[in-house]
Amino acid sequence: MVTINNDNNSDSEVASVIDNIKLLIDRYNQKKIQRKYAKTKLILYAKTAGFKNNIYRKQAWDLIIDTPSYDYSIDQNLIESHEYYGQIKMDVIRTLKRFPPNYSDSERSDLQDELILIITKVLLKHEELHYYQGYHDISLTFLLVLGEKLSLPVIDSITMSHLKYFMEPTMEKTRDSLAYLMPLINCVNSECAEYMERGGTGHVIFALPWFITWYSHVLDDLSVILRLYDLFIVSHYLMPIYVAAEIVNYYADEVLSKNCEIEYIEHSSNKFITRQTFNKNNNYYNHQSLSKKPSILSRVAFWGVTIAIGGLAIYVWNQAQLLDSSKYISLGDFLNQFYPT
Numbered sequence: 001m002v003t004i005n006n007d008n009n010s011d012s013e014v015a016s017v018i019d020n021i022k023l024l025i026d027r028y029n030q031k032k033i034q035r036k037y038a039k040t041k042l043i044l045y046a047k048t049a050g051f052k053n054n055i056y057r058k059q060a061w062d063l064i065i066d067t068p069s070y071d072y073s074i075d076q077n078l079i080e081s082h083e084y085y086g087q088i089k090m091d092v093i094r095t096l097k098r099f100p101p102n103y104s105d106s107e108r109s110d111l112q113d114e115l116i117l118i119i120t121k122v123l124l125k126h127e128e129l130h131y132y133q134g135y136h137d138i139s140l141t142f143l144l145v146l147g148e149k150l151s152l153p154v155i156d157s158i159t160m161s162h163l164k165y166f167m168e169p170t171m172e173k174t175r176d177s178l179a180y181l182m183p184l185i186n187c188v189n190s191e192c193a194e195y196m197e198r199g200g201t202g203h204v205i206f207a208l209p210w211f212i213t214w215y216s217h218v219l220d221d222l223s224v225i226l227r228l229y230d231l232f233i234v235s236h237y238l239m240p241i242y243v244a245a246e247i248v249n250y251y252a253d254e255v256l257s258k259n260c261e262i263e264y265i266e267h268s269s270n271k272f273i274t275r276q277t278f279n280k281n282n283n284y285y286n287h288q289s290l291s292k293k294p295s296i297l298s299r300v301a302f303w304g305v306t307i308a309i310g311g312l313a314i315y316v317w318n319q320a321q322l323l324d325s326s327k328y329i330s331l332g333d334f335l336n337q338f339y340p341t
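Taken in order, the sequence shown gives residues 1 to 341; the numbers are from UniProt numbering.
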C-alpha cells in the first residue's frame, strides 16, 4: 500500500513506519547492522511507504545514495565565468514559489546563492554535461531536504545515475526515453493510448517537464514532490515515465471525453498533476472491487517492487518496436507471464 503523504494514513500506521525507519537508522549508526542491510530495507520503505518526514528522509537519502569523495572547492572566478552561470542564475531567481512559506527572505536568498554554486560546481566537475532548465528544480529539492553540506555530493551522484541522460549536447536520448510512454500507457489503458495516437498526441511532448524535473516544476505541494523523490532515487531513471503513464490512465475518462488534440493535452496536462491524484489510499491488489481508483504510486510501486525494472524496460522496448498496435498485449497478460494464475 502506498500513499503520497500522511493524510490518509492512520496515526498509528504513520507512527509505526516512522518508528521502524528510526530504529533501522539508529541500529546502523550504532554499527549493529551492515550498511548493505540498512540500505536494502530503506529502499523498500522508499518504494512502498516513503520516509514520512524530513528528519528521517535526510538520513535515509544520505545512507541510500552512494556519494563520491571529492573536493568541490573551486575559485569563485571559475564559477562566475562558466558558460551556463548566467542561465543558472536567472533560473534560480525564478524559484521563489518553490520555497516553503516558513522561509524568510534572507533564508531564501542564501539558499538561492548556494543553489547556484552547487549546480555550477557539478557542471565544472563534469565538463561533458550540459545544463538544462529544470535541473535547478531537482537540485533545489535536494537542497531543501539535505542542506548545504550534504546536498552537493548527493546531487552530483544523482546527476550521474539519473539525470545525465538529459544533459547531453542534444535532446535525442531524452526524446528516446519519452518514447517509452505510449507503450506504457497502452499497457495500462489501450483504449486511451489508441485514442491519443489517433488524435496526434502520441509524441507525448506534454510529459517532458514532468520527466526532466521529476514533477517538481509542475507540483506546488512539497510533500507530494518529496514522496515522489523517495521513489525516484531508488528506481531506474525511467520511473518518472511510469508515473506519467499512470497519471494518464488515472485521467483516462477525462482524456477520452475530450477532443484529443495536442493543444488540449498540453494545456490540461499540468492540471492532471494534483495532490488529489495521489491521495487515494487503496490497495493495488483489491482495486477492482473498490469504487475509487487506486493510487498512482501503489500501482507504480507494484511494478517497481515485484518486477525487475530491466525486464519491464525490455518488454516496453520490444512493444515500442511493433508497428501493428493490435499486437500489443495488455498489462494483465504481461503480468501473467511472471505470476500465472
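Ideal Cβ positions, reconstructed from N, Cα and C, are used throughout, including at glycine.
Shown here, Ser-161 sits in a helix according to DSSP, grouped into three states. Pairing Glu-168 with His-136 gives a Cβ-Cβ distance that is not under 8 Å. For the pair Leu-23 and Ala-38, the CB atoms are not nearer than the 8 Å cut-off. Around the beta-carbon of Ala-15, fewer than 16 other beta-carbon atoms lie within 10 Å, marking it exposed. Scanning the segment 214-238 for uninterrupted alpha helix (DSSP H) segments of 4 residues or longer gives 222-233, listed from N- to C-terminal end. Counting C-beta atoms within 10 angstroms of its own C-beta, Arg-198 has fewer than 16 neighbours from the protein chains shown and is therefore classed as exposed. In this structure, the alpha-carbon of Pro-209 lies about 43 Å from that of Lys-32.
Three or more beta-carbon pairs separated by less than 8 Å are not found between the segment 212-220 and the segment 179-186, which leaves the two stretches without contact.
Ile-55 counts as exposed, since fewer than 16 other C-beta atoms from the protein chains shown sit within 10 angstroms of its C-beta. For Tyr-85, the closest of Leu-238, Glu-191, Lys-121 and Ser-161 by C-alpha to C-alpha distance is Lys-121. Contact annotation, Ile-18 with Leu-42: C-beta distance approximately 13 Å; criterion of less than 8 Å not satisfied. Judged by DSSP in its simplified three-state form, Arg-94 adopts coil rather than helix or strand. Between Leu-163 and the set Ile-225, His-126, Asp-220 and Ala-46, the nearest pair of CA atoms involves His-126. In the structure shown, the three-state DSSP call for Leu-123 is helix. Here Tyr-70 is exposed, its C-beta having fewer than 16 other C-beta atoms within 10 Å. Rounded to whole angstroms, the gap between the alpha carbons of Pro-68 and Ile-138 is 19 Å.
Per DSSP, reduced to three states, the secondary structure at Val-14 is helical. The Cβ neighbour count for Ser-73, taken over all protein chains shown within 10 Å, is under 16; the residue is labelled exposed.
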